[in-house]
Structure formats: structure tokens, C-alpha cells
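Chemist: First to last, the protein sequences are chains Y and H.
Under our numbering, the first residue of the first sequence carries the number 9, and numbering increases by one thereafter.
Under our numbering, the first residue of the second sequence carries the number 4, and numbering increases by one thereafter.
Encoded as C-alpha cells, here's the structure I'll be asking about.
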Amino acid sequence: MLQKIIKPVSFFLVFSFLLLDVSVHTAKARMIDTNTVIAAQQKEAVQARVTAFLGREDARKVMEQHGVDAVEAQKRVASLSDAELAKISQAMEQLPAGGDGLGTVVGAAVLIFLVLLITDILGFTHVFSFVKPQR
Amino acid sequence: MIAGLLFLALPLVLSGCTTLSTRSLPRPPSVPSKAQVAGVPFFAQDELQCGPASLAMALQWSGVVVQPSELTPEVFTPGLKGSLQSGLIGSARRHGRVGYPITGSEALLAEIAAGHPVIVLVNLAFSWYPKWHYGVVTGFDQERDEIILHSGLIANEHLDSRVFLNIWERGEYWGLLVLPPERLPATAKEEPWLEAVAGLERTGQWQGAAAGYDAALKRWPKSFTAWMGLGNSRYGLDNLTGSADAFRKATQLQPKNGIPFNNLAQVLSKQGKRKEALAAAQRAVDLGGPLTETFRKTLKEIKTKSAR
């Protein structure tokens, strides 16, 4: 069964990748932009640009899934280089997103609250701004 | 009971992470024992909005008049309840400023001493219970071992450097400069600076990009990438003569690289100098390389344009 589908599927995949490659080339303007100049200086393979092209679309989708407005997501993607976007499309969930800082740990268990209080006093953490760490 | 639990929990908490730091700030000889950046305004953050608040402080310092609330749609990601580092960098670009990431305390002190505020990413709690947070470091004092920063609701918070290094270590010592493009970082290195400036091209900030490349060329006059970037941004500004000059300079620096010939051909063609344009385009094709297809297309287009 598997033997039977492998061949047509792999043909299909190879074919679609070829199409993709072409589309990347045609999409590029004939003026070579500085990001590409830098990539070429760093001897990145052209293949890497194909992956990056995919990353651009992925990154936009991922942003929308995380509640960023569609038009805004487009603008954000446009403002970033391929290398910067690759990180987002691959692992947005794992990236640090700075947000807290008001010293509130709403919903945290009492235990965590007390642990954080002690580690704050020890100077290991800095969650509560009212805590003065011991010298 | 709770005290007992705590007693049990504390070693667990600490063992997963690095040991308690007793470090002080590094003391590089080139840096004074204390420094304070003037003219960094403070914006108290709204809930979860430390990203927009920190960026607004840095942008305002750099001369862009902007409120944190205007930056929220550009940097804040609702699903993550926070702002990504790349969000800050991209937004800085959209306001014509260069976002230049730095790493480590020596770079931090050097930039502060040079009068540049630094946005830092810290983790206020633990790696397994992260409280990611952005603040803006505006000063330091080696004598008192303190870092001074605008953070959360507190302007000019004096933080024990031991505490700061603990929470910054968990943010992998990541810092961000937000600079006017003509101003090089104190710790500037050629390639990262040019990458940061190239980001301005992406958002169509040609004027800023040109200024950034100009600044680079004052420091590194033989930088091929900077001449290429200058050519591209002058082209974006419709300064064709200047653009051609820059690309010519790039061809001199790397005579075996087809890219500057390709771009020079484009400019010459737009100037109506078909003969020179064809020669440059042909040169690019002859030199070849991974972008040969683009070079061929340039040549073909100039040929058909000339035929008309």
C-alpha cells in the first residue's frame, strides 16, 4: 500500500517544490536589496531563501492566530528580515514576551507567592517592587 | 505548615537554576565608575504593556514623539500577553530608528556611558515560572553597585546590581538600542550594524537607511555591504547619480561579485544610459554566482527596453 503511494506523492512534492523555487525567483525584484547582499556575503545558500519565503507566510499566520490584527500582522512581517521571522514561525510559543512587571502575581498559589517573596529577599528574583533585597 | 513546605520547596526552586549570584558589575577600564543618560522620559506601563512603554521611552529619547498606547498595536501580541523582541525591533524601524541588539554587561555599561539608554529583557521570576519584563536602563553606579532603570511603575529605580544580573541572566543578557540612524553604537560591529540598518530598507525608510550606511562608511570606509546599501537607499530616494556612484565603488571593492554590476545596470538603464547599462548587466551575467538568474533577467529586460 505504502509502496504504491510513495512514488506519486514524492513526484508531486518534488514538482511543487520546483514551482515554489520558481515563484521565489520571479517574486524577487531585479534590484538586489541589501538584505540579500548581506546573505550572499555570509554565503547562505539560495535554498535558505526558499525556507525563508515560507517562513514569511507562516509568521504572518502565527501572528494572526495570536490575536494580531491582519493588516497589522502584514506590516509587522514586512518590517522584519527573513532570519528574524524564521524564529517567530518556528517557535513563537517559546519566545519570551515581556509583559508583566507590575509586581502582581494574580492567581498564583500562596506557596509560589511565598517562595517568590523569599527569593526576592535573597535577591534571586525581583517580582515585588516593595521588597528590598538583603545585601 | 506553610513554613515547612517552603523549607522543602526552596532548594527545589534554586537547584533548577544557577546558584545565587554574588557578582558585581564588570569594571572595564574604558568605562567611568558611574553614568546617567539624560533626557530619557518615563512612561508608567499599563498592565502587560511594558513593551510599548519601554519602546516609547527609548523612541522619545531618540527624538520620535510617540505615546506607548500608539505602539501597542505595533508590538503587543494579545495571544502571548506580551511583546516579542522582534516586535520592538520592527516597530523601531517603522519609526525610522535603528534597533541594534546588544548582549552582556560590558556592552551595557559601554552604551550607557556613551549616552545611549538600553531596553533590557529580564525574567523577574524563574525559568520554569517566567515573568518576562522589559525595562529601560538609564544609568549605573559602580561605587554603590547599582543599576538605574525605568521599569514598570517606577522611574529611575535603583536596583542592586546583583539582583539585576540575576534577572537579566535569565533574559540571556539581551539588550536593545534604539538609535537615530546617523548615530553608531559605542560597541558597534560592522556586520550587525549593517543588518540593523538594512531593516530600515524593509520599511521603506530610505532616508534613514542612507544615513545609517553613511555612518557606517565613516567608520568602515571599505565596507562593501555599506556601499551596496547606500546605492540601494539612494535609488529608493531617486538619487540616481549618487546611487550609481555608490554601486561603482562597490564594484571596485569586489570586482568579482556580480551583484553591484546588476544593480548598477538597473540605475544606468533608468538614467537612459543604455550602452553602459548593457555592459554592466553583461558583466554581472559573466561573473555568475547564485543570483545569476536575476542577472540574466536584468540583462534581458534592458535589452528589450533598448529595442523599443
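Cβ atoms here follow ideal geometry from the backbone N, Cα and C, with glycine treated the same way.
The model shown is predicted, which means the values in this text are computed figures rather than measured ones.
Beta carbons nearer than 8 Å to chain Y: which residues of the stretch 125–153 of chain H have them?
Modeler: Those would be Val125, Asn126, Leu127, Ala128, Phe129, Tyr132, Pro133, Lys134, Trp135, His136, Tyr137 and Gly138, in chain order.
Chemist: CA-CA distance, Arg147(H) and Leu58(H)?
Modeler: Along the second sequence, read from residue 1 onward, the residue named residue 147(H) stands at position 144. Along the second sequence, read from residue 1 onward, the residue named residue 58(H) stands at position 55. Going by the C-alpha atoms only, they are around 28 Å apart.
Chemist: Can you find the residues in the same chain that come closer than 7 Å, C-beta to C-beta, to Leu271(H), ignoring five residues on each side of it along the sequence?
Modeler: Working through the second sequence from its first residue, we reach residue 271(H) at position 268. Result list for Leu271(H): Ala247, Glu279, Ala280 and Ala283, in chain order.
Chemist: Would DSSP call Val139(Y) helix, strand or coil?
Modeler: Against the first sequence, residue 139(Y) aligns to sequence position 131. Three-state DSSP puts Val139(Y) in coil, outside helix and strand.
Chemist: Does the distance from the CB of Ser94(H) to the CB of Glu77(H) come in under 8 Å?
Modeler: If you number the second sequence from 1, residue 94(H) lands on position 91. If you number the second sequence from 1, residue 77(H) lands on position 74. The answer is yes: Cβ separation under 8 Å.
Chemist: Tell me the residue span of the alpha helix (DSSP H) that contains Leu119(Y).
Modeler: Numbered from 1 along the first sequence, position 111 holds the residue referred to as residue 119(Y). That run of the alpha helix (DSSP H) goes Val118 to Leu130.
Chemist: Go through its chain and collect everything with a Cβ distance to Gly207(H)'s Cβ below 8 Å, but skip five positions before and after it.
Modeler: Within the second sequence, numbered from 1, the residue matching residue 207(H) stands at position 204. Answer for Gly207(H): Gly239, listed in chain order.
Chemist: Identify each residue in the stretch 59–80 of chain H for which the Cβ-Cβ distance to at least one residue of chain Y is less than 9 Å, and report them in chain order.
Modeler: Within the stretch 59–80 of chain H, the qualifying residues are Pro76, Glu77, Val78, Phe79 and Thr80.
Chemist: Between Gln210(H) and Thr44(Y), what straight-line distance do the alpha-carbon atoms span, to the nearest angstrom?
Modeler: By 1-based counting over the second sequence, the position of residue 210(H) is 207. By 1-based counting over the first sequence, the position of residue 44(Y) is 36. Rounded to the nearest angstrom, the two C-alpha atoms are 20 Å apart.
Chemist: What residue range is occupied by the uninterrupted alpha helix (DSSP H) comprising Ala117(H)?
Modeler: Numbered from 1 along the second sequence, position 114 holds the residue referred to as residue 117(H). Element bounds for Ala117(H): n/a, residue is neither H nor E.
Chemist: Tell me, please, which residues DSSP counts as bridged to Gly138(H).
Modeler: On the second sequence, position 135 is the one that residue 138(H) refers to. According to DSSP, Gly138(H) bridges with Val123(H).
Chemist: I need the straight-line Cα distance from Cys53(H) to Trp135(H), nearest angstrom please.
Modeler: What you label residue 53(H) is simply residue 50 of the second sequence in a count that begins at 1. What you label residue 135(H) is simply residue 132 of the second sequence in a count that begins at 1. Taking the straight line joining both Cα atoms gives about 9 Å.
Chemist: So, with DSSP's three-state summary, where would you put Gln39(H)?
Modeler: In the second sequence, counting from the first residue as 1, residue 39(H) sits at position 36. DSSP places Gln39(H) in strand when its eight states are reduced to three.
Chemist: Once DSSP output is grouped into helix, strand and coil, what is the label at Tyr176(H)?
Modeler: One-based indexing of the second sequence puts residue 176(H) at position 173. Correct three-state label for Tyr176(H): coil.
Chemist: For the stretch 238–293 of chain H, which segments carrying the alpha helix (DSSP H) assignment without a break, of at least 4 residues, lie completely within its bounds, in sequence order?
Modeler: Within the stretch 238–293 of chain H, the complete alpha helix (DSSP H) runs of at least 4 residues are 243–256, 261–273 and 277–290.
Chemist: Tell me, which residues are paired with Asp144(H) by DSSP?
Modeler: The residue labelled residue 144(H) in the question sits at position 141 within the second sequence. Asp144(H) pairs with Lys37(H) and Glu149(H).
Chemist: Just confirm the distance between the C-beta atoms of Val101(H) and Pro120(H), as a whole number of angstroms; I'd bet it's less than 8 Å.
Modeler: One-based indexing of the second sequence puts residue 101(H) at position 98. One-based indexing of the second sequence puts residue 120(H) at position 117. Rounded, the Cβ-Cβ distance is 14 Å, inconsistent with contact.
Chemist: To the nearest whole angstrom, what separates the beta carbons of Pro44(H) and Ser86(H), a pair I think is in contact under 8 Å?
Modeler: For the purposes of this step, residue 44(H) is identified with residue 41 of the second sequence, where counting begins at 1. For the purposes of this step, residue 86(H) is identified with residue 83 of the second sequence, where counting begins at 1. 19 Å between Cβ atoms; not a contact.
Chemist: Should the stretch 123–137 of chain H be regarded as contacting the stretch 30–41 of chain H, the criterion being three or more beta carbon pairs within less than 8 Å?
Modeler: These segments do not touch.
Chemist: Any idea what DSSP makes of Pro104(H), helix, strand or coil?
Modeler: Within the second sequence, the letter at position 101 stands for residue 104(H). Reduced to three states, the DSSP call for Pro104(H) is strand.
Chemist: Can you give the Cα-Cα distance for Val76(Y) and Lys276(H), rounded to whole angstroms?
Modeler: What you label residue 76(Y) is simply residue 68 of the first sequence in a count that begins at 1. What you label residue 276(H) is simply residue 273 of the second sequence in a count that begins at 1. Approximately 47 Å, taken between the alpha carbons.
Chemist: Can you pull the DSSP bridge partners for Phe79(H)?
Modeler: Locating residue 79(H) in the second sequence gives position 76, counting from the first residue. Phe79(H) pairs with Ser86(H).
Chemist: Beta carbon of Glu72(Y): closer than 7 Å to some heavy atom of the ligand PLP?
Modeler: Ligands displayed in this structure: none; no statement on the ligand PLP is therefore possible.
Chemist: Tell me Val181(H)'s beta-bridge partners as DSSP assigns them.
Modeler: In the second sequence, counting from the first residue as 1, residue 181(H) sits at position 178. The partner list for Val181(H) (beta bridge, DSSP) reads Gly102(H).
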